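Have a look at the structure below before the remarks.
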Ligand code: DP6
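In this note's numbering, the protein residues as written are 48 to 373.
Take a look at the structure:
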């Protein structure tokens with residue numbers, strides 16, 4: 048009753064921003080991401096009749112109580128599905144620089160979903176795993192798959208048609224993502240709380256929902272045509288629109304720091320000099336820059352020159368989940 052799984056993080060090119068059901072993690076809009084090779088989580092789950100409660104170790108240490116609670120709630124869903132009452136020990140190793148603003152929840156819950164389902168004896172296909180991972184963290188639904196992935200919002204109230212599916216394979220288009228870590232002491236509004244506040248209070252949220260439909264059509268065309276300019280333009284514009292909704296929230300909030308804006312402006316300046324780079328930003332101050340392989344080094348050098356830039360991690364398109372054997 049034991050299984051180990053490796054799952055990679057993903058970065059949304061068209062953002063998931065807003066839930067229509069918080070319990071089931073049903074989103075208000077489709078989103079589209081690229082899975083990244085560099086950052087991942089390896090999780091081992093072992094169900095054991097002798098355990099009196101669930102246990103969760105993160106990077107070798109007992110996890111904090113709020114994290115433990117979320118994992119136990121997730122395992123409850125798995126137990127209900129399997130019709131079992133047995134507890135588990137969960138060991139997770141995160142190879143994700145959390146300081147770089149990468150949500151380890153995407154790779155974390157994708158790995159936990161696949162490992163716990165296998166360990167308890169559920170035989171789920173990838174679509175079912177995506178639905179299960181979604182109920183730990185929305186963006187985890189996309190990390191089951193490699194390459195370029197779309198998460199369909201679905202329309203059913205029970206979430207039965209809400210899962211991710213691949214659009215292009217890992218090897219289909221070699222784009223690069225530079226994760227640019229900036230120096231910051233900012234306290235952040237977590238994505239879960241941020242999207243909730245925006246849905247409930249921002250008058251710009253309706254505009255976001257309207258715009259995202261169009262952006263999805265454009266990015267899917269760009270992916271099919273391998274048109275990098277079209278892709279980059281819509282990626283950057285979509286991130287800006289998501290962040291604009293937070294300014295209209297009550298109380299308003301902003302994920303950017305002055306260092307964030309400096310990096311954004313440098314990316315735009317690079318384009319003026321004929322080097323194609325586009326940024327995207329999640330619920331934090333760090334910036335991800337999307338580019339083509341031939342420009343990667345030049346972009347790195349220009350960004351490394353800014354003194355607000357702390358570190359730059361280079362990523363390629365990554366694979367979906369893999370089951371590991373001991
Ligand atoms: C801005 O998946 O972390 O990164 O479903 O509440 O766990 P929960 O949220 P999460 O939100 C990610 C938001 C985002 C955009 C994205 O990844 O699509």
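Even glycine gets a Cβ: it sits at the ideal position worked out from N, Cα and C. Just so you know, these numbers come straight off a predicted model, no measurement behind them.
Mind pulling the alpha helix (DSSP H) runs of 4 or more residues that sit fully within the region 108-149?
Whole alpha helix (DSSP H) segments, 4+ residues: 112-129.
Could you name each continuous beta strand (DSSP E) segment of 3 residues or more that falls completely within the region 170-230, going from the start of the chain to the end?
Whole beta strand (DSSP E) segments, 3+ residues: 195-198, 211-215, 223-229.
Note down, in chain order, each residue of its chain lying with its Cβ closer than 7 Å to the Cβ of residue 115, except the 5 sequence neighbours on either side.
Result list for residue 115: 103, in chain order.
Might you give, ordered along the chain, the residues of its own chain that have their beta carbon closer than 7 Å to the beta carbon of residue 288, omitting 5 neighbours on each side?
Excluding positions up to five away in sequence, the list reads 255, 258.
DSSP puts residue 312 in a beta bridge; with which residues?
For residue 312, which the question treats as bridged, DSSP gives no partner whatsoever.
Restricting to runs no shorter than 3 residues, where is the beta strand (DSSP E) found entirely within the region 252-332?
Complete beta strand (DSSP E) runs here, min 3: 324-327.
Would you please state the rounded distance, in angstroms, between the beta carbons of residue 83 and residue 362? I believe it to be under 8 Å.
Contact flag correct, Cβ pair sits at about 4 Å.
Which residue from 322, 325, 118, 279 puts its Cα closest to that of residue 101?
Of the listed residues, the one whose Cα sits closest to residue 101 is 118.
Is residue 347 helix, strand or coil when you go by DSSP?
Looking at residue 347 - three-state DSSP - the assignment turns out to be helix.
Keeping to the same chain, check which residues put their C-beta closer than 6 Å to that of residue 277; ignore five residues upstream and five downstream.
Excluding positions up to five away in sequence, the list reads 269.
Nearest-angstrom Cα distance between residue 204 and residue 79?
Roughly 22 Å between the two C-alpha positions.
Less than 7 Å between C-beta atoms, sequence neighbours within five positions excluded: which residues of the same chain meet that for residue 298?
So the list is empty, once near-sequence residues are dropped.
Do residue 262 and the ligand DP6 come close, with the Cβ less than 7 Å from some heavy atom?
The answer is no for residue 262.
The ligand SAH and residue 64: does any heavy atom of the ligand fall closer than 7 Å to the residue's C-beta?
Among the ligands modelled here, namely the ligand DP6, the ligand SAH does not occur.
Going by other Cβ atoms of all chains shown within 10 Å of its Cβ, with 16 needed for buried, is residue 266 buried or exposed?
Buried is the call here.
Which residues in the same chain have their Cβ closer than 7 Å to the Cβ of residue 345, if we skip the five residues on either side of it in sequence?
322, listed in sequence order.
For residue 89, which residues of its own chain have a beta-carbon under 6 Å away from its beta-carbon, when the five flanking residues on both sides are left out?
The answer, listed in chain order, is 53, 140.
Between the region 325-343 and the region 208-215, can you find at least three pairs of beta-carbon atoms closer than 8 Å?
Touching, no.
What does the alpha-carbon distance come out to for the pair residue 77 and residue 180?
Distance between the alpha carbons of residue 77 and residue 180: 16 Å.
I'd like the list of long-range same chain contacts for residue 248, defined as Cβ closer than 6 Å, with 5 residues on each side in sequence excluded.
Closer than 6 Å at the Cβ level, and outside the excluded window around residue 248, lie 296, 297.
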